[in-house]
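Going by the working numbering, the sequence shown opens with residue 77, and the numbers climb by one from there. For glycine and all other residues, C-beta sits at the position ideal for the given N, C-alpha and C. Have a look at the structure below before the remarks.
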Amino acid sequence: MTTIRPGVSISATRPAISRCGASTLTANVRSRPSGVACVADSSETPAFDAMPCSGGTVPSAISCRTVAAADRTASGRCPMMVRMNELGDALRGWRGRLAPDEVGLAHHTPRRVSGLRRIELASLAGISVEYVIQLEQGRARTPSAQVCSALARALRLSGDEHAHLLRLAGHATGPDHIPRLIPDSVRRLADQLAGNPIAVFDAAWHLLHWNPLFAATFGDPTRFGADSRNAAVWQFEDEPTRLRHTEAERDAFEASLVADLRVTAGRYPHDPEIPALLARLRRSPRFRRLWETRSVGSIQSGIKIVDHPAAGEIPLDSDVLTAEGSGLRILVYSPRPGTAARSRLDLLAAIGTQTLNPSRPS
């Protein structure tokens, strides 16, 4: 993903999309210590797939009951406890996917489960095993940025995963709501690239703006209601598409899309639309499976093949740009060199959407 800044030229690269790492997570069932109240209704869907705030020692005179109502999540949970439970789940997932020999640890006896042991993680990070246990169970005080960095190094986290860990620990907070206002500079960019299909999405992949050639190429987005005009909804509700892809390509795209959404959920924990979007997406078994891997990352640029009912096959480079400070995703589709894509886009620009069969954009 390429970040754009005012006055800076854009040169987008297209790294290959790789499937995000997966790990099997087991939820620990914890009893609530005496005197710690829980306000969560177990029937509610948590905002970040976290367990209710039912376990752990509450730091120095802070409890779910004493947090102001305005500071609670949309589901009624204490944000601090939700975040710490999410942090613990993430640590368990990252620990479980890392083999001892990947970090230089020899092991000679069979293991019942894969991944690092807690004592091994503690040794690598330079912290006590008791503290690792408390972190994974959501019972510890918020770890410092230095501890987060030590854990990131020990767990071989990517840059996106390290940033996600810092956000969960409260060291990198963003605005309460996802920015959805399109700056004039982004609109000017879209106008300058009018010969290419262009679409602008917010950080949760809600479609905010598109040009006529995007609609002509992929289908008119106004077919969908405002709540359904979302790339993740289209993908996991299996809306018809003009994109041609293999099963492996679909799996890789979906993995990167879910990893990107998890970053957004961590960055904007109080955005009121995130819980509803995640609840809707959880109806899909594919989404649930990918969400449970707790992978974080970003959508990468790539190559798309459009199978258009009127213009035929259109090979396109798909570049994902981000507007600095807003998290907006600008998707720019350009014709592949050495193909007939340019002439076919010109044809679509001339005929517009008048002869097109319905399908979802992507």
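For Thr415, the closest alpha carbon among the candidates Ile427, Gly388, Pro288, Arg405 is that of Gly388. In the DSSP assignment, Leu353 falls within the alpha helix (DSSP H) that extends over 349-357. Annotation: the continuous alpha helix (DSSP H) that includes Leu333 extends over 323-343. The residue among Thr218, Leu227, Gly214 with its C-alpha nearest the C-alpha of Leu200 is Leu227. DSSP lists no bridge partner for Ser225.
A distance below 8 Å between beta-carbons, with the five flanking residues on each side excluded, links Ser225 to the following residues of its chain, in chain order: His238. The beta carbon of Gly202 is closer than 7 Å to those of Ala226 in its chain, skipping five residues each way along the sequence. Look at Thr369 here: in three-state DSSP terms it is coil, with no helix or strand label. Thr369 counts as buried, since no fewer than 16 other beta carbons sit within 10 angstroms of its beta carbon. Here Ile274 is buried, its C-beta having at least 16 other C-beta atoms within 10 Å.
By the CB criterion at 8 Å, Glu162 and Leu244 fall inside the cutoff. Annotation for His346: Asp252 place their beta carbon closer than 6 Å to its own, counting only its chain and skipping 5 residues before and after. Under the 8 Å Cβ criterion, the region 306-320 does not count as touching the region 213-222, having fewer than three qualifying pairs.
Taking 8 Å as the upper bound for CB-CB distance, Arg188 and Val208 are not in contact here, some 18 Å apart. The straight-line gap separating the alpha-carbon atoms of Ser371 and Ala426 is approximately 42 Å. Pairing Pro385 with Leu211, the inter-Cα distance amounts to about 54 Å.
DSSP places Gly164 in the helix class (H, G or I) of the three-state scheme.
In terms of Cβ geometry, Asp278 and Arg256 form a close pair [threshold 8 Å]. Beta-bridge partners of Trp286 (DSSP): Ala275. The three-state reading of DSSP puts His238 in helix, counting H, G and I together.
Between Gln376 and Ser410, the CB-CB gap reaches or exceeds 8 Å. In the three-state reduction of the DSSP assignment, Ile195 falls in the helix class. Trp281 and Asp303 have their C-alpha atoms spaced approximately 11 Å apart. Short of 8 Å from the beta carbon of Ala417, and not among the five residues preceding or following it, lie these beta carbons of its own chain, in chain order: Ile390, Pro391, Leu392, Pro411. With respect to Gly428, Pro259 sits apart: the two C-beta atoms are not nearer than 8 Å. In the DSSP assignment, Ile209 falls within the unbroken alpha helix (DSSP H) covering 205-212.
Taking all protein chains in view, the Cβ of Arg232 is surrounded by fewer than 16 other Cβ atoms within 10 Å, so the residue is classified as exposed. Annotated three-state conformation of Asp314 is coil, per DSSP. Taking each of Met157, Gly164, Ser190 in turn and checking the Cα distance to Gly172, the smallest one comes out for Ser190. The DSSP-derived three-state label of Thr415 is coil. Excluding the 5 residues flanking it on each side, Glu330 has same chain C-beta neighbours closer than 7 Å at Gln311, Arg362, Leu366, in chain order. Across the structure, Asp177 and Ala230 are spaced so that their CA atoms are roughly 13 Å apart.
For Ser394, the three-state secondary structure derived from DSSP is strand.
Taking C-beta atoms as the reference points, Leu424 and Ala292 count as a pair closer than 8 Å.
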